[in-house]
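If you read the protein sequences in the order shown, they are chains U and Y.
All residue numbers for the first sequence refer to this note's numbering, where the first residue is 1 and numbers rise by one.
All residue numbers for the second sequence refer to this note's numbering, where the first residue is 1 and numbers rise by one.
What follows is a single structure, written as structure tokens, with notes after it.
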Amino acid sequence: MSPRWRKIWSDLTVNKTRTVLVVLSIVVGIFAVGSIAGTAAIIDRESKALWMSIDPADGSLVTTPFEAALADDITAMSNVGTIQLRRTLNTRAELADGTEKDLRIFAVPDYEAMQLNRIESESGDWPPPEDAILIERNTLSLLDISEGDTLTVRLPDGERRQLPVAGVTYDLSQPAGSVLDIAYGYVSPATIASLNGGESWNTILFTVDDDALAASGLDRESFSAQVANDIRDRVQAQDVIVVAPPFISVPGEPPGYVFIVALLVVLGVVGSLTFILSGFLIVNIISALLAQQTRQIGVMKAVGARTSQVVGMYLGMAAIFGVFALLIALPLSFLGARGLAGFIGDLNNYKITDFSAPWWIFALQIFIGVIIPVLAALVPVISGTRITVRAALDSRGIDASNTSFFDRLLARFQMFPRPVLLSFRNTFRQKGRLALTLATLTLAGAIFATVFTVRNSLFATLDDALAYENYSVAIDLAEAYDRDALIDAAESLESVSAVEAWTEVTERIRLDDQSDEDVNILGLPTDTQMLIPLMQSGVWLDESDVENGIVINTNIADLGVTTGDTLTVIVRGEPTEWQVIGVARAIFSLENVAWTRYDTLAETIGETGLARLLRVTTSPNDEATQNAVVGTLSDSFASAGFAIEGTQTFAALEVSFNTRFNVLVLSLLALAFLLAIVGGLGIAGTTSINVIERMREIGVMRSVGAANYQVLGIFIVEAVFVGFIGWLLGSLLALPISRALSDGVGIAFSNAPLTYSFDVGGALLWLALALGLAFLFSFLPARRASRLTLREVLSYEG
Amino acid sequence: MATTPLIELRGVHKVYKTAAGSFPALKGINLTVSEGEFVALIGKSGSGKTTLINMITGIDYPTDGTVKVIDTEIFKLQEGRLAQWRGKNMGVIFQFFQLLPTLTAIENVMLPMDFCNMYNKKERPERAMHLLDQMGLADHANKIPSTLSGGQQQRVAIARALANDPPLILADEPTGNLDSKTAESIFELFEDLIQNGKTIVMVTHDNDLASRVNRDLTMADGLIVQDRQIEHAIQNDGAQAVAQETAQ
Numbered sequence: 001m002s003p004r005w006r007k008i009w010s011d012l013t014v015n016k017t018r019t020v021l022v023v024l025s026i027v028v029g030i031f032a033v034g035s036i037a038g039t040a041a042i043i044d045r046e047s048k049a050l051w052m053s054i055d056p057a058d059g060s061l062v063t064t065p066f067e068a069a070l071a072d073d074i075t076a077m078s079n080v081g082t083i084q085l086r087r088t089l090n091t092r093a094e095l096a097d098g099t100e101k102d103l104r105i106f107a108v109p110d111y112e113a114m115q116l117n118r119i120e121s122e123s124g125d126w127p128p129p130e131d132a133i134l135i136e137r138n139t140l141s142l143l144d145i146s147e148g149d150t151l152t153v154r155l156p157d158g159e160r161r162q163l164p165v166a167g168v169t170y171d172l173s174q175p176a177g178s179v180l181d182i183a184y185g186y187v188s189p190a191t192i193a194s195l196n197g198g199e200s201w202n203t204i205l206f207t208v209d210d211d212a213l214a215a216s217g218l219d220r221e222s223f224s225a226q227v228a229n230d231i232r233d234r235v236q237a238q239d240v241i242v243v244a245p246p247f248i249s250v251p252g253e254p255p256g257y258v259f260i261v262a263l264l265v266v267l268g269v270v271g272s273l274t275f276i277l278s279g280f281l282i283v284n285i286i287s288a289l290l291a292q293q294t295r296q297i298g299v300m301k302a303v304g305a306r307t308s309q310v311v312g313m314y315l316g317m318a319a320i321f322g323v324f325a326l327l328i329a330l331p332l333s334f335l336g337a338r339g340l341a342g343f344i345g346d347l348n349n350y351k352i353t354d355f356s357a358p359w360w361i362f363a364l365q366i367f368i369g370v371i372i373p374v375l376a377a378l379v380p381v382i383s384g385t386r387i388t389v390r391a392a393l394d395s396r397g398i399d400a401s402n403t404s405f406f407d408r409l410l411a412r413f414q415m416f417p418r419p420v421l422l423s424f425r426n427t428f429r430q431k432g433r434l435a436l437t438l439a440t441l442t443l444a445g446a447i448f449a450t451v452f453t454v455r456n457s458l459f460a461t462l463d464d465a466l467a468y469e470n471y472s473v474a475i476d477l478a479e480a481y482d483r484d485a486l487i488d489a490a491e492s493l494e495s496v497s498a499v500e501a502w503t504e505v506t507e508r509i510r511l512d513d514q515s516d517e518d519v520n521i522l523g524l525p526t527d528t529q530m531l532i533p534l535m536q537s538g539v540w541l542d543e544s545d546v547e548n549g550i551v552i553n554t555n556i557a558d559l560g561v562t563t564g565d566t567l568t569v570i571v572r573g574e575p576t577e578w579q580v581i582g583v584a585r586a587i588f589s590l591e592n593v594a595w596t597r598y599d600t601l602a603e604t605i606g607e608t609g610l611a612r613l614l615r616v617t618t619s620p621n622d623e624a625t626q627n628a629v630v631g632t633l634s635d636s637f638a639s640a641g642f643a644i645e646g647t648q649t650f651a652a653l654e655v656s657f658n659t660r661f662n663v664l665v666l667s668l669l670a671l672a673f674l675l676a677i678v679g680g681l682g683i684a685g686t687t688s689i690n691v692i693e694r695m696r697e698i699g700v701m702r703s704v705g706a707a708n709y710q711v712l713g714i715f716i717v718e719a720v721f722v723g724f725i726g727w728l729l730g731s732l733l734a735l736p737i738s739r740a741l742s743d744g745v746g747i748a749f750s751n752a753p754l755t756y757s758f759d760v761g762g763a764l765l766w767l768a769l770a771l772g773l774a775f776l777f778s779f780l781p782a783r784r785a786s787r788l789t790l791r792e793v794l795s796y797e798g
Numbered sequence: 001m002a003t004t005p006l007i008e009l010r011g012v013h014k015v016y017k018t019a020a021g022s023f024p025a026l027k028g029i030n031l032t033v034s035e036g037e038f039v040a041l042i043g044k045s046g047s048g049k050t051t052l053i054n055m056i057t058g059i060d061y062p063t064d065g066t067v068k069v070i071d072t073e074i075f076k077l078q079e080g081r082l083a084q085w086r087g088k089n090m091g092v093i094f095q096f097f098q099l100l101p102t103l104t105a106i107e108n109v110m111l112p113m114d115f116c117n118m119y120n121k122k123e124r125p126e127r128a129m130h131l132l133d134q135m136g137l138a139d140h141a142n143k144i145p146s147t148l149s150g151g152q153q154q155r156v157a158i159a160r161a162l163a164n165d166p167p168l169i170l171a172d173e174p175t176g177n178l179d180s181k182t183a184e185s186i187f188e189l190f191e192d193l194i195q196n197g198k199t200i201v202m203v204t205h206d207n208d209l210a211s212r213v214n215r216d217l218t219m220a221d222g223l224i225v226q227d228r229q230i231e232h233a234i235q236n237d238g239a240q241a242v243a244q245e246t247a248q
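Encoded structure:
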């Protein structure tokens, strides 16, 4: 090895602390970017491949029951490609612990010849045998059940049926039941007929005709929406009602993929900030290293080295740091990506079997690990090596200081002890180094506080979302029933403290440009206690006496509809007009929802005196009581002849929200932890190097009478002071950054900013970390220096 | 004595600008040093000795005047070329040795060869070991500077200065940090180098050593105030004595 490279290698190995600090900071940066990029690549590849393997439908409609013959009518439509029928039955599963879970049971005409959204067998019997049920693998744990057990199912009419669990399926076409807190079961056509008393279907899956698509000039998604509307018109002409807005797939993407993308984008942003932070750290430490080796640079130039050769040496050192970091970070990133992709996959029911990352992920990490440190080191290396030989050799380890404005200012504060004043003055002595250190600390603190604030904002928004739903139990009925009878039946139950009966309709709004958008309209009492909307503009129903007043959510407002507008809604094929009296905030919902007076909507849809939805509050309002009320209410309604389509408790809604955002919250906390490491490394590196490069100064101070504790105190005060300034600036910077990221997260997940809530606790936690680390990493080297002999300290060569 | 001029300074001024104002360190120096001369620069602190040496080595730039070393106007060279030229044509020795602390003695000696791409890679360690052997340090070749005495470190520095076999050696207080016995041994090395055809310009405070060179220049306030050629006669007992001073 040539002497110049031998010098670089020795510098790396002699000062292990510095090498470890730099390498670790690069490792964190590579890990943050590599694991998130790797996760994104794995999820993108595997989920899309899985999705395409099931022959996905372009869209689906859920309707009132119809006979199979209708399928021929739909298939004959020129813009329809393939269709697949399903029957969906919403029931409740009774668990071993006495609680109940929503269980959605499906059946298809022929499991062996499925055309779209194919379901696969995981284990056990296939296709589902008669009078047995297969359970979707992702929802087994929800039911706490295994293959071979017997499941008790409560049907909408209240009847209970025992169905043996004959196998396990994999159905990627359904949103992950574990997130929605809904279990999925699969039975034969004959079984579902016996469960709901008839052989009919209520779900139409379709693909569009490719020739018609090409001729339309539209993209697939837009054309699918058009075809869905055409199918709706066709079936409604035969008195089959579409009961929910048509679901249109994003071509090539499984359900929920958009949320995963949003999650990974958010993590990617924070991960990239972490990486930038580690870049600052590299700049800082390389600058300090060059300052320490000024005289050596002068000597090398004096004995024949060109500046370019010296630059090459130190850039080579930066590259070697990167290589060391890669050796650690590459396997860690692989494990991180595997873990995070597996976690996301399990949560979303993606059966990922191949966790290999594409080659470009490794290339990206190699680029980040080697090229970026070299680029980060470029400016400090070039500026540090351009020093003239004379200036370099004249460096005596104790820098001359000009009297600056700050020095004169400090001279007025005589109440502080001299050593403390010296600390403050030392802090501002090397302004370039201070600026770099503060930049690192400020950015670290800002991102740390931002992560905690985004988490806080997420929880605040979840609270807002849950506050909307001021009920204990929600009941969806299979059809419209007598409203008063429903209320009487519910009010008679113990633990029920209040009941409201609503109606609803799923139709289309016609916008100014004559395009249609689906909307779910709820008709409820104007003085409802079961819904507490967050109004963005206008008034709620109880503050308006407009008979056809309607409050829209912000998703509809984003389509260009505002308070005061007249909204056209196509109800049962006929246009109706509504006066928009207010806009309420949509929270974690992408659906178009509107609310109006019960009487007006019921009359419009011809269901005066009838209701389709029930909202109940219980006392006490705990999970057990809610679940118990669902059970007794189901029995009571079954006795009264009211068929229940579905139920949801507030507790389950809470769990669903929290589960959905758990990944984001946990990932943000993990990134905060990484940030703490990088920020901590920044403090550790700069404070310890600060002490080391002023060893001679320590010696001089001791030689003129300074006690060890006084010398220690100077460095500790300086480090803590810088840590405090960095924290202060970071907290200030966190305000706009956290606001921007909170808004971005909200828009990414739900088209609306989060409820912003700055986490003071997070900022204070960073203060404690910053000051604690500043103390520790200045105390340790300063104490070591104070224990050397004067001769050793004065002759220290770094 | 050879008369080929190796160093020529003409009208060299150096002014330092400081917060306290301008400070003229050199005030129009004219100097010629011929090949084979052993020159001592003496004077009090602040007289300009180190500044003058720095002009000759190219470590510092004159404010005015020309500096020609080995037929090269060194300040017409770009910084990179000057560094390489210096590495090949001069050996610089410092008061505080200035060895790289993380390199061994032999690696320090090889450094100029590496930077200036002199000798092939196989020859470099052999030559470096030979130079250390000449300095009596062959057994210490693989030690780092912190484990060597001051005198040993300065010997390593001398070996480094000789690495590329330069014709000119410049030493700034080479014995300033050494005890008298060690200083004597270093000086004897210099005398050997002169015998082997090198030219040496040395800054020193030591009058005893200064009296043993064959030319001394006394500086004061940025000027050469005295330039003496010194001829040494060998007495019958082998001791040298100043036989004649030729004032200039």
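C-beta: ideal position from N, C-alpha, C; glycine also.
What three-state label does DSSP hand residue i in the structure shown?
i: U/A325; result: helix
i: U/Y481; result: strand
i: U/L380; result: Correcting the residue identity first, residue 380 of chain U is Pro in this sequence and not Leu. U/P380: helix per DSSP, three-state reduction.
i: U/G397; result: Below a pLDDT of 50, predicted positions are generally treated as unreliable, and U/G397, at 47, falls in that range; no measurement from the model is reported.
i: U/V539; result: coil
i: U/Y471; result: coil
So, for residue i: in the same chain, excluding its five sequence neighbours on each side, which residues have a beta-carbon less than 8 Å away from its beta-carbon?
i: U/A400; result: In this prediction, U/A400 scores a pLDDT of 47, lower than 50, which makes its location untrustworthy; the coordinate-derived value is nonetheless stated afterwards. Correct list: empty, nothing qualifies.
Where do the ends of the alpha helix (DSSP H) carrying residue i lie?
i: Y/F190; result: S180 to Q195
i: U/R694; result: No alpha helix (DSSP H) holds U/R694; DSSP gives it neither H nor E.
i: U/Y598; result: Y598 to T604
i: Y/M55; result: K49 to T57
i: U/V499; result: From DSSP, U/V499 is part of no alpha helix (DSSP H) but of the beta strand (DSSP E) over V496 to R510.
i: U/Y257; result: Y257 to Q292
i: U/Y186; result: Per DSSP, U/Y186 belongs to no alpha helix (DSSP H); it is in the beta strand (DSSP E), I182 to Y186.
i: U/Q529; result: Looking at the DSSP string, U/Q529 is not in any alpha helix (DSSP H), and its letter there is neither H nor E.
i: U/G631; result: E623 to A640
How many angstroms separate the CA atom of residue i from the CA atom of residue j?
i: U/L326; j: U/T39; result: 18 Å
i: U/G744; j: U/L613; result: 34 Å
i: Y/L223; j: U/I382; result: 37 Å
i: U/I145; j: U/F775; result: 55 Å
i: U/V208; j: U/R508; result: 21 Å
i: U/G339; j: U/N690; result: 39 Å
i: U/L375; j: U/A435; result: 19 Å
i: U/G397; j: Y/T175; result: Note that U/G397 scores a pLDDT of 47, beneath 50, so its modelled location is shaky and nothing firm can be said.
For residue i, which residues from the same chain have a beta carbon less than 6 Å from its beta carbon, with the 5 sequence-adjacent residues on both sides left out?
i: U/E120; result: Y170
i: U/N708; result: S786
Span of the beta strand (DSSP E) holding residue i?
i: U/F66; result: G59 to F66
i: U/P164; result: R160 to Y170
i: U/R87; result: V80 to E94
i: Y/I169; result: L168 to D172
Just to confirm my understanding: we take residue i, look at its own chain, exclude 5 residues before and 5 after, and list those with CB closer than 7 Å. What are they?
i: U/L733; result: T442 and A446
Exercise. With contact counted as at least three CB pairs below 8 Å, one residue from each stretch, are the stretch 23-35 of chain Y and the stretch 767-782 of chain U in contact?
Worked result: no
Exercise. Does the stretch 648-663 of chain U touch the stretch 179-188 of chain U, meaning 3 or more C-beta pairs lie closer than 8 Å?
Worked result: yes
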